[in-house]
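Colleague: In my numbering, the protein residues as written are 30 to 206.
Can you keep this structure in mind? I'll have questions shortly.
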């Protein structure tokens, strides 16, 4: 009996298939653009947080902005014509708003936007109110606003982001009843 020679072809085929399964989806993901929808001037966005009623907020002031899909009914992500990025999220079940505001600021840090309260306060015509904040290591502004059992976090990230740019959104923010 002579020494057996091993054929490496099956191993090469398996390696090629595994490589294709890893590389092809990555390449396709890089080539496919992010789906964004341009919002009409009178566009309104509704976000719903699981929990007790009221559980839904609505806001406008984003006409001409691009909305990115999130797959999450509690969060909206938008891109302003200036290039600034806005994230709005809502949580339900708030019974202690000052504690919830501090918690939401910590959540922003975990999500990549470290901020600190800057001493400012916002009060809206529709009953929302709460502290404003600024990015500590990234240019941007934020606010955590409460109304009833809801807390809404608004973060605007961009080199020229200001609270004034958030005003049209904040002024239209309301609880859907």
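Cβ atoms here follow ideal geometry from the backbone N, Cα and C, with glycine treated the same way.
#1: Classify residue 118: buried if its beta carbon has 16 or more other beta carbons within 10 angstroms, exposed otherwise.
#2: Can you tell which of 189, 139, 157, 199 has its C-alpha closest to the C-alpha of residue 111?
#3: Residues in its own chain within less than 6 Å of residue 87 by CB, not counting five upstream and five downstream?
#4: Should the segment 125-140 be called in touch with the segment 99-109, which here means at least 3 C-beta pairs below 8 Å?
#5: What are the complete beta strand (DSSP E) segments, minimum 3 residues, inside the segment 154-198?
#6: Buried or exposed: residue 70, going by 16 or more other Cβ atoms within 10 Å of its Cβ?
#7: When DSSP labels each residue in this structure, what does residue 69 get in the three-state scheme?
#8: Mind checking who residue 150 pairs with in its DSSP beta bridge?
#9: Assuming residue 65 and residue 114 form a contact by the criterion Cβ under 8 Å, report the distance between their Cβ atoms to the nearest whole angstrom.
#10: Could you check where the beta strand (DSSP E) with residue 105 kicks off and where it finishes?
#11: Measure the Cβ-Cβ separation of residue 146 and residue 175 and say whether it is below 8 Å.
#12: Which residue from 124, 166, 154 puts its Cα closest to that of residue 138?
#13: In chain order, what residues of the same chain have a beta carbon less than 6 Å from the beta carbon of residue 106, not counting five sequence neighbours either side?
Modeller: On the basis of the supplied data:
#1: buried
#2: 189
#3: 73, 75, 203, 205
#4: no
#5: 158-164, 169-176, 179-186
#6: exposed
#7: coil
#8: 160
#9: Contact flag wrong, Cβ pair sits at about 11 Å.
#10: 104-108
#11: no
#12: 166
#13: 97, 99, 116
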